[in-house]
Amino acid sequence: MAPQLDFKDLVVLITGAGGGIGKAYCHLFGSRGSKVVVNDVSEKAAQAVADEIIANGGQAAIAIGSVTDGQKIVDQAVKAFGTVHVLINNAGILRDKSFAKMSDAEWDAIIAVHLKGAYSMTKACWPLFRKQKFGRVINTASPAGVYGNRGQVNYRSEGRKKVVGWMCGMVVWRCGSVAPISVVSTTVVEARANDSAAKAALIAFSMSLTREGPKYNIKANTIVPLAASAMTETVMPPDVLKSLTAEHIAPLVGVLTAKNGPDVGGRIFELGGGFFSEVRWERSQGYIWKTDKSFTPSAVACKWDKVMDFSHPEYPTDAVPQDMIRVLEAQPTLQPNEQGPTVSFKDQTIIITGAGNGLGRSYAIELARGGANVVINDVSEKAAQAVVDAIKAAGGKAAAAVCSATDGEAIVKTALDNFGGLHGVICNAGILRDKAFVNMTDDMWDAVIDVHLTGTFKVCKAAWPIFYKQKYGRIMTTASPNGVYGCHGQCNYATAKSGLIGFMRALAIEGQKHNIFVNTIAPRAGTAMTATVWTKEMLETFKPDFIAPIVAYLVSDRCEQTGTFYETFGGYAAQLRWQRSGGVALPNDKPATPEKIASHWSELTKFDDRATNPTSTQESFMAIMENFENKSGAGSSGGDAPAVDIDPKDSDAVKEAKQNAPAPSDWTYSERDVMLYNLGIGAKATDLDHTYEGADNFESYPTFPVLSQFMADNGVDLNAIVPNFNPAKLLHGEQYLELKAPIPVDATLELRPRLVEVLDKGKAASVTTAIQGVNKANGEVIFDTSSTTFIRGSGGFNGPRTGKDRGAATAANEPPKRGPDAVIEEKTSEDQAALYRLSGDYNPLHIDPQFSAIGGFPKPILHGLCSMGFAGRHVYQTFGPYKDIKVRFAGIVIPGETLVTEMWKEGDKVIFRTSVKERKAPAISNAAVTLVPQGELKSKL
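In the numbering used here, each number is its position in the sequence shown, counted from 1, plus 4.
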């Protein structure tokens with residue numbers, strides 16, 4: 005158990021706190037003895053929150069104003085409580101537009117509030133933090149800033165273009181479903197380049213602050229939250245909004261800012277809906293080309309797959325010299341590079357900003373050598389013209405665009421006026437205004453952000469209509485290792501460079517369907533600045549010329565990647581991507597306390613085999629969505645619940661979970677629901693007993709009660725009973741159903757969930773949960789159904805390894821060594837999954853091709869329980885009613901494929917298996933039913 009975290013008398017300043025997540029922060033800190041300063045541009049909203057805190061016995065004051073005037077807000081906080089200990093940069097605005105339609109004013113507004121606001125607030129607090137030797141800063145990024153918004157579907161609502169991903173249904177792995185989850189609509193704005201840039205920039209801002217803060221006990225971290233807000237209230241169902249409350253975000257912020265919280269700084273935490281994780285950079289081992297005359301764009305193309313190979317990844321936390329030493333030592337041993345087809349830029353025009361010297365000059369010469377018309381942008385006419393002259397002297401074509409990189413229209417006009425077209429842009433221009441954060445001025449901050457971030461925006465914005473119209477364009481933006489890892493004395497520079505990574509991801513998403521590819525590099529090269537500190541050997545090994553072939557490849561038509569990020573120097577290139585820890589999944593129906601999260605800290609921050617590599621907001625959201633039905637439970641179900649079976653090797657947590665079942669809930673269904681289910685598992689219109697409520701013998705098929713696991717409101721808290729629980733690692737293994745009485749065709753049943761068994765399988769846990777269905781009209785037990793799931797990465801807890809014999813529920817059901825007694829072959833409809841999902845399993849894996857692609861399937865797959873229903877119906881039609889059925893899910897079924905069910909009758913048992921005819925692949929195995937006399941368990945009218 006983690007110790008009580010200490011928040012007493014901390015002065016906590018929260019921006020944008022008049023509602024939403026900011027308000028949740030206020031109430032958490034107010035309830036824990038902190039002095040809360042509520043900032044908002046609305047005095048009415050801020051005062052309302054402060055009044056609520058005071059009414060609850062807390063201390064609060066308001067500080068009104070825009071975050072761009074940080075000193076004014078901090079002065080109000082100091083006037084109220086004497087200092088500031090914790091700053092939570094939460095304020096934000098939206099200016100939702102596609103990149104093509106985005107105005108300069110909309111770009112500037114987002115950068116001002118999200119980025120300049122965070123800087124201004126932190127700058128005003130910094131002297132207080134240094135003086136008191138304590139400071140905590142939380143910066144707020146977003147999933148769009150980290151991943152972009154790839155793979156979602158657009159629609160228009162109230163005149164605003166949005167992206168909606170319907171994520172719903174069950175936690176599924178290939179062939180089954182294990183926990184009910186409500187329909188989810190997650191809304192994000194399509195490719196918000198301004199928001200993505202600003203939010204991504206805050207990551208390196210936190211890292212750089214942390215590098216300057218240790219001496220004064222100042223730590224800064226970044227959170228990536230997903231929570232309901234005013235923006236999502238119009239498009240998300242109420243149950244989803246309830247699952248994504250702001251109260252799930254505040255406790256982690258509490259952990260990161262408490263006096264005695266964990267010692268972490270410069271880190272990134274993604275969270276929402278009770279799921280908490282850490283995110284870090286993962287780098288491929290990369291590839292080193294020999295930097296001789298054979299180092300060409302063609303040579304780069306030959307080995308580019310090596311750059312993206314993550315079989316031996318690295319996890320750098322700094323731009324360490326060892327990386328460069330490795331390349332320095334390798335270069336003399338390398339052989340000339342293999343060449344592929346020539347990478348040509350003939351008849352292409354490419355702009356390079358900041359091309360008068362250094363890297364830009366090398367890029368220009370390389371591209372001109374490949375046949376490109378090169379536009380040399382620089383603020384120095386002399387430098388730009390010198391490069392133009394050198395290219396022309398070598399037989400190339402070039403023109404100078406002498407102006408600031410922020411004058412994007414003028415640069416693009418130069419390209420059009422001189423060469424009549426434009427095909428690529430390399431955003432390379434940059435400046436330095438190095439200074440420790442405490443001494444940095446607003447002018448230093450603004451100048452660097454303006455050139456690096458806004459300059460890139462302006463040039464890309466001017467080029468975009470041309471690329472869009474001709475259905476071709478290549479863009480490369482330039483980040484920096486300091487933008488990846490943060491840097492002391494370069495907070496402005498690192499922040500801008502990190503922002504360019506987010507900007508690139510948003511542009512790549514919007515541009516891909518128009519054949520506009522966008523990528524980013526973080527280069528290191530010898531320059532005039534490094535000449536005074538690097539050895540001669542290093543300056544020779546890491547020339548700008550040895551990055552140019554890689555850049556040329558990235559802006560060529562040979563490059564098939566977009567939205568990717570690379571580190572490169574001295575002939576070396578490696579890809580960087582995000583890696584997310586397996587994290588911790590805590591109950592969704594009850595926000596965790598900071599102490600609860602702290603008690604799971606090592607698990608939350610552990611990058612083991614549960615770690616994943618999300619590449620989009622959609623993939624990122626899956627782990628959060630899968631936690632929606634992770635409920636805390638509420639006491640014993642009572643009544644006629646089955647006896648509790650305690651194994652001597654059960655852990656205390658498992659014993660407690662077995663003895664204290666989750667609260668029961670009601671499931672009301674009608675004849676319509678029965679007919680819909682029957683149709684969903686293959687019943688035909690002519691099967692009147694199953695499709696017409698007026699039929700004399702109208703009934704459900706025996707497998708109908710498996711729907712109960714979608715309908716139960718509460719479930720077992722798996723996080724409490726197995727280690728390293730991750731909903732994304734669940735596999736639905738087996739399903740068992742026992743019928744205790746005839747199934748009513750119209751009823752309200754009380755569903756009573758319980759934990760049956762938890763087994764330690766070494767690297768995995770096997771968990772069996774069950775639901776009993778009781779007719780509320782007469783107290784009769786109708787059925788008992790159980791589901792066995794395997795949770796990868798959750799074994800090794802010294803629990804029982806072998807389960808008890810539970811009769812038909814655990815029988816092996818091996819088919820006899822003879823031919824089957826009966827075979828039914830039935831083709832499913834291509835619409836089968838679309839129909840079956842209407843009975844309650846709304847998982848998009850079964851309807852949305854984009855989701856099935858993420859799962860690795862060529863098409864949406866059929867629900868595992870639907871396949872079970874088909875097979876169960878085949879047995880029912882052949883041998884009659886049965887009192888129980890058990891199946892093991894063995895493979896997937898694609899709607900439209902043919903199911904073949906083979907059956908062997910052995911006494912009162914029918915053993916069966918089901919396969920897919922077209923692929924000769926198993927679907928259900930180790931399955932059987934126990935027959936009963938005809939009519940004994942018929943449904944009641």
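Glycine residues also receive a C-beta, built at the ideal position from the N, C-alpha and C atoms.
Exercise. Quick one: what's got a C-beta closer than 6 Å to T499's C-beta in the same chain, skipping five residues either side?
Worked result: A205, A208, F209
Exercise. Should D612 and G586 be called a contact, given that it needs their Cβ atoms to be closer than 8 Å?
Worked result: yes
Exercise. Would the beta-carbon of P731 fall within 8 Å of that of N631?
Worked result: yes
Exercise. Taking C-alpha atoms, which residue in C464, N221, K27, A403 lies nearest to A197?
Worked result: C464
Problem set entry | CA-to-CA distance, D670 to P709, given in whole angstroms | 13 Å
Problem set entry | Rounded straight-line distance, which links the Cα of L256 to that of Y111 | In the sequence as presented, Tyr is not what sits at residue 111; that position holds Trp. Roughly 31 Å between the two C-alpha positions.
Exercise. Under a three-way DSSP split, which group does L839 fall into?
Worked result: helix
Exercise. Is L763 helix, strand or coil when you go by DSSP?
Worked result: strand
Exercise. Does the Cβ of G425 have 16 or more other Cβ atoms within 10 Å, making it buried, or fewer, making it exposed?
Worked result: exposed
For this session: May I ask which residues mark the beginning and end of the beta strand (DSSP E) holding K223?
Result: 222-229
Exercise. Just the Cα atoms here: how many angstroms apart are E738 and Y220?
Worked result: 56 Å
Problem set entry | Backbone CA spacing between V936 and M907 [nearest angstrom] | Between the C-alpha atoms of V936 and M907 there is a straight-line separation of about 16 Å.
For this session: Quick one: grab the DSSP three-state call for P757.
Result: strand
Problem set entry | Limits of the beta strand (DSSP E) - the one that R923 falls within | Neither: R923 is in no beta strand (DSSP E) and is coded neither H nor E.
Exercise. Mind checking E282: buried by the 16 CB within 10 Å criterion, or exposed?
Worked result: buried
Exercise. Do H867 and Y840 come within 8 Å of each other at the CB atom, strictly closer than that value?
Worked result: yes
Problem set entry | Coarse secondary structure for I928, derived from DSSP in three states | Note: I928 maps to strand in three-state DSSP.
Exercise. Below 8 Å, can you find three or more Cβ-Cβ pairs linking the segment 551-568 to the segment 588-599?
Worked result: no
For this session: Can you check DSSP and say which residues form a bridge with V904?
Result: E829, S919
For this session: Please report how far the alpha carbon of P951 lies from the alpha carbon of V268, in whole angstroms.
Result: With the chain represented from 5 up to 945, any question about residue 951 goes unanswered, as that position is not in the structure.
Exercise. How about I915 and P819: do their beta carbons lie closer than 8 Å?
Worked result: yes
Exercise. Can you list, in chain order, the residues of its chain whose CB lies under 6 Å from that of A334, leaving out five sequence neighbours each side?
Worked result: I292
Problem set entry | Continuous beta strand (DSSP E) stretch holding D44: start and end | 39-44
Exercise. Skipping 5 residues on each side, what residues in its chain have a beta carbon closer than 8 Å to that of T524?
Worked result: The beta carbon of T524 sits closer than 8 Å to those of M480, T481, T482, A483, L504, I505, M508, T568, F569, Y570, all from its chain and outside the five residues before and after it, given in chain order.
For this session: Pick helix, strand or coil for V559, following the three-state DSSP scheme.
Result: coil
For this session: Could you say if the segment 374-383 and the segment 337-357 meet the contact criterion of at least three C-beta pairs nearer than 8 Å?
Result: yes
Exercise. Since L680 is in the alpha helix (DSSP H), which residue starts that stretch and which ends it?
Worked result: 675-684
Problem set entry | From I58, G719, V771, E251, residue whose alpha carbon lies closest to that of L734 | V771
Problem set entry | Straight-line gap, S655 to I725 (C-alpha atoms, nearest Å) | 8 Å
Problem set entry | Boundaries of the alpha helix (DSSP H) in which G26 is found, first to last residue | 24-35
Problem set entry | Terminal residues of the alpha helix (DSSP H) in which T87 lies | Premise fails: T87 is in no alpha helix (DSSP H) and is neither H nor E.
Exercise. Just reading off the alpha helix (DSSP H) that E544 is part of, what are its end residues?
Worked result: Bounds of the alpha helix (DSSP H) holding E544 are 540-545.
Exercise. What beta strand (DSSP E) runs, 3 residues minimum, are completely inside the segment 414-459?
Worked result: With a minimum length of 3 residues, the continuous beta strand (DSSP E) runs that stay inside the segment 414-459 are 428-431.
Exercise. When burial is assigned at 16 or more other CB atoms within 10 Å of the CB, is A931 buried or exposed?
Worked result: buried
For this session: Only counting runs of 4 or more residues, tell me where the alpha helix (DSSP H) segments fall wholly within the segment 768-823, in order along the chain.
Result: none
Exercise. Quick one: any contact between the segment 24-42 and the segment 117-136, if contact means 3 or more CB pairs under 8 Å?
Worked result: no
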